[in-house]
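Numbering (UniProt numbering), first residue to last: 1 to 395.
This is the structure we're talking about:
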């Protein structure tokens, strides 16, 4: 069986210790008045970290809190997310609230899911559709002219805040630096999410979204989503040829990213089973799935390795992330049960669960995750040489 290794953690610095103490104090607060006191203290220190563009102390504090003090972790991560996706900027002596948003679309295909520059006509259409169905009346908007993969988007709070300031300045007509084009190598997956990234700005205290300014009347999240899907789906379809797509609600950066990840999880499993059945000329009943929980001290994600039913070699794999907030909503639910039920519904009846927590491992050469085989080892997924299965660009 694969063994979990306990990494040696660096000694906590002064700022990390202070962040931990403040997060625990906020989690233990007994009143809203006290909450506000600790929030101000914590926000001041987190802002200092973000302005220095150094996430080291934040990362140390979060790594320390997650296994031992999940309540404190939630307090700190929520403030770090808030301060990296929202900011106040000034223009001509007036203050504006600015929020980083994404408009996600889940896509699945046997081909390569496109990324890259968005045609000017498509960008204009998305801008008009956002103003028409999602944004409040007085909101200014700037969109990055790129369809991004998650691999190309910020990986830390400091970089997220940089994107916010750049796009927010553009939305307000202030001097700005264009975002990088996002040329990083991306994972070639059968199902994945693509993102349009933007910033919205409104005079301080104003409404960002249509459902805020029309609360209790016709506009709500559901009706705004329905109108957005009807109008934006053809635009996204033209940007993602050869793909099945599901257009999701544009919203604040982090919540929208998490929702997109949740929605793409079952699509990834469905796409994997369908693709493997065709690539290996097998019925779904001839495919085996192996599920393992992976993380340093608790399950952070489930990795699903696929093999032929009579073989142990892993030929493909997919990741099912786990989020603390959804665990809180259903504390007794086991995500593995949902995965097994989904696999069974697709015709995969041979499903094995690895009982121990495995440390997440990746390939040193190509960076892809390793996936569990039936013996409980995390291994590199490799398709048989005779299978011509590499995803290609749709023409």
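Note that the Cβ used here is the ideal one computed from N, Cα and C, for glycine as well.
In the DSSP assignment, residue 356 falls within the beta strand (DSSP E) that extends over 350-358. Boundaries of the beta strand (DSSP E) around residue 321: 316-321. Taking a 10 Å sphere around the C-beta of residue 298, we find fewer than 16 other C-beta atoms and assign the residue as exposed. Under the three-state reduction of DSSP output, residue 294 falls in the strand class. Counting only the Cα atoms, residue 295 lies some 26 Å from residue 287. Residue 348 and residue 259 have their C-alpha atoms roughly 26 Å apart. When the Cα atoms are used, residue 108 and residue 244 turn out to be separated by approximately 5 Å. In the three-state reduction of the DSSP assignment, residue 378 falls in the strand class, which pools E and B. DSSP places residue 44 inside the alpha helix (DSSP H), whose first and last residues are 32-51. In terms of Cβ geometry, residue 80 and residue 157 form a close pair [threshold 8 Å]. Excluding sequence positions up to five before and after residue 170, its CB lies within less than 6 Å of the CB of 142 and 176, all in the same chain and listed in chain order. One Cα belongs to residue 174, the other to residue 91, and the distance between them is close to 8 Å. In terms of CA proximity to residue 240, 116 leads the group 19, 335 and 116. Distance between residue 283 and residue 44, taken at the CA atoms: about 58 Å. The beta carbon of residue 166 sits closer than 7 Å to the beta carbons of 176, 177 and 179 from its chain, once the five residues preceding and following it are set aside; these are given in chain order. Residue 148 holds the alpha-carbon nearest to the alpha-carbon of residue 118 among 101, 148, 95 and 139. Straight across, the Cα-Cα distance linking residue 214 with residue 220 is about 7 Å. For residue 114, there is no enclosing beta strand (DSSP E), since its DSSP letter is neither H nor E. Excluding residues up to 5 positions away in sequence, 160 and 163 lie with their Cβ nearer than 7 Å to the Cβ of residue 154 in the same chain. Cβ contact annotation for residue 271 (same chain, cutoff 7 Å, sequence separation greater than five): 108, 190 and 191, in chain order. Along the segment 184-259, the beta strand (DSSP E) occurs as fully enclosed runs of 3 or more residues at 191-203 and 244-247, listed in sequence order.
In this structure, the CA atom of residue 356 is about 8 Å from the CA atom of residue 292. The C-beta separation of residue 264 from residue 196 comes to about 16 Å, leaving the pair out of contact by the 8 Å criterion. Closest option to residue 207, judged by alpha-carbon separation, among 128, 99, 13 and 152: 99. Secondary-structure assignment with DSSP links residue 140 through a beta bridge to 201. Under DSSP, residue 101 shares a beta bridge with 198 and 252. Beta-bridge pairing by DSSP links residue 86 to 99. Judged by DSSP in its simplified three-state form, residue 158 adopts helix.
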